Each structure stands twice: as structure tokens, then as C-alpha cells.
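Report on one structure; see the data block that follows.
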Amino acid sequence: GQNIDQPTEMTATEGAIVQINCTYQTSGFNGLFWYQQHAGEAPTFLSYNVLDGLEEKGRFSSFLSRSKGYSYLLLKELQMKDSASYLCAVRDPPGGNNRLAFGKGNQVVVIP
Amino acid sequence: GAVVSQHPSRVICKSGTSVKIECRSLDFQATTMFWYRQFPKKSLMLMATSNEGSKATYEQGVEKDKFLINHASLTLSTLTVTSAHPEDSSFYICSAHRGMNTEAFFGQGTRLTVV
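Going down the list, the sequences are from chains P and F. Counting with this note's numbering, you get residues 50 to 161 for the letters of the first sequence. Counting with this note's numbering, you get residues 3 to 117 for the letters of the second sequence.
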């Protein structure tokens, strides 16, 4: 099974940098995803890690350490529109049909 | 990019009635789609995996007769909430993958309110 843990809420100032952590325990690892979800809307894909290291996509970067069961999402140059919930999700092991198990999400509130 | 469309976006129904929610993949075929449920300020809980041409696979604790899933074509899965009750009020979201080992694309979600 999958056990995914995320802290719940943080507040940051516009222009700042925030790091959102995600730890997981799985019976088999097949990739970790980060999604952004605004209130009342569906999640949108941000990044994907399957190998150790840092993946950078513009203002967003995601890091993975498989040995530690740990990932983080880094948001740089925060903008007001970045106020949202950030969800990490771990995919089923190979042969598991692409099922995703989501963490509880971390609510980021950006203030002026 | 891939687009998944979900309909309706909001529905209010009376207790005891049934509600059908549609999930369509618009520019790709999806042999598998997923249905999630989300309560306010909570994460997405996977309800079931919808399999084209065969029975859905339900997660533990999800009532098959309560949440009927039909995946009759490669671009359409439907979730029917039968005999809805106020406790079924929630945000229901579907997702699909363009292929194996790719990211999930989500529908817009359906806000169901049972009164």
C-alpha cells in the first residue's frame, strides 16, 4: 500500500520562495507527481520525478530522493495566483494500472 | 495537450434520486479512467478504476451498488450516484492518462449537493 504525508498549510509573501515537502512509504515506487489545485477546481499537473535529483520547470522545481522516500516542490518568485493546494501523488508499482495515491495536500497562501 | 471533460460541473438533487456524471477524454482514447471523491480541504480519495469493456475496480470501502460505473467506449466513463443522500454531497473528479507512465489529466470536477 501507499502512505503519503504532507504538512497542511503555510503562508508566504509575494516574491518569496517556499518549499513543500512530501514523504512516502510504498510497497514499490513508480514515480511521484506534483499537482496544483485551486479551490473548487480540478488539479493541474506541475511536475514528475521518477529518478533521484532535481527537475526544474520555470518557477517550479521538484526534487526526489528514493532512498529517503522524500520529495519536495520548490516555488520561486511567488505570485498571488500561486495561492492553492499542492498535492503530491505516488503512482502504483509497474503493472498497477497508473493508479495514483495522493497526499493530503499543502495549502499555500500568498500574501502581498 | 490532452483534455478531459467532465459534466455537469454542478448538480443539486433531491435525496433518494440518482445522478449521472460523465467523463470524456476529448483528444485521446483512454482504456482506463479513474474516479475520485474530495471533501472540503481534504485530498483526493480514489473511488474506483473504470475499465473500458469490463467491470470497474472499486477501492476498499466503496459501495459498488451505490456508485455505478460504466465505461462503454474508449472516450467515455460515467459515474452514477444512486439513491443519493446528503452524505454523498462532495466534489467528484475523474482523470485519465494518455498512455502508460504519463501524467493524469483531470476533468473539471462535479460539485454534487444532495438536499
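The beta-carbon is built from N, C-alpha and C at its ideal position, and this holds for glycine as well. Only a predicted model underlies this, so the values are computations on that prediction, with no experimental measurement involved.
Cβ distance (whole Å) where residue i is taken to contact residue j below 8 Å
i	j	result
P/A95	P/W83	Reading off the sequence shown, one finds Leu at residue 95 of chain P, where the question assumed Ala. Right, their Cβ atoms sit about 4 Å apart.
F/F107	F/V5	7 Å
P/V158	P/Y135	Between P/Y135 and P/V158 the Cβ distance is about 12 Å, and since that is not below 8 Å, they are no contact.
F/L78	F/R26	5 Å
N- and C-terminal bounds of the beta strand (DSSP E) containing residue i
i	result
F/M49	47-53
P/G89	First-last for P/G89: undefined, no H or E at that position.
P/M59	58-62
P/L100	Careful: P/L100 lies outside any beta strand (DSSP E) and carries neither H nor E.
P/N70	67-75
F/T104	Per DSSP, F/T104 belongs to no beta strand (DSSP E) and is neither H nor E.
P/F151	149-151
P/V158	155-160
F/Q110	Here F/Q110 belongs to no beta strand (DSSP E), and DSSP marks it neither H nor E.
F/V6	6-9
Chain-ordered neighbours of residue i on chain C, where CB pairs are closer than 8 Å
i	result
F/T34	Among the protein chains in the structure shown, which are P and F, there is no chain C.
Cutoff 8 Å: residue i Cβ touching any chain F Cβ
i	result
P/K117	no
P/K106	no
P/L122	no
P/P92	yes
P/F151	yes
P/G102	no
P/L136	yes
P/F78	no
P/Y73	no
P/F82	yes
P/G154	yes
Rounded C-alpha distance that separates residue i from residue j
i	j	result
F/P88	F/F69	15 Å
P/G154	F/K57	30 Å
P/G77	F/R39	24 Å
P/K117	P/I69	16 Å
P/T75	F/I71	28 Å
F/I23	F/Y94	9 Å
P/N147	F/Y60	15 Å
P/P92	P/Q85	5 Å
P/T62	F/T84	45 Å
P/N98	P/L113	6 Å
F/A32	F/R100	7 Å
P/G152	F/S17	31 Å
F/R12	F/L48	20 Å
P/V67	F/A74	44 Å
P/S111	F/Q110	25 Å
Any chain P beta carbon closer than 8 Å to residue i
i	result
F/Q62	no
F/Q31	no
F/G111	yes
F/L46	yes
F/E24	no
F/M102	yes
F/E105	yes
F/Y80	Contrary to the premise, residue 80 of chain F reads as Thr rather than Tyr in this sequence. Taking Cβ atoms only, chain P never reaches closer than 8 Å to F/T80, which makes this a no.
F/I95	yes
F/F108	yes
F/T51	yes
F/H73	no
F/H87	no
F/H9	no
Self-check item: Length at least 3, wholly inside the region 13-97 of chain F: the beta strand (DSSP E) runs in chain order
Solution: Along the region 13-97 of chain F, the beta strand (DSSP E) occurs as fully enclosed runs of 3 or more residues at 21-27, 34-40, 47-53, 69-75, 78-83, listed in sequence order.
Quiz prompt | Every unbroken beta strand (DSSP E) inside the region 112-141 of chain P [3 residues or more] | solution = Segments of the beta strand (DSSP E) lying fully in the region 112-141 of chain P: 119-124, 133-140.
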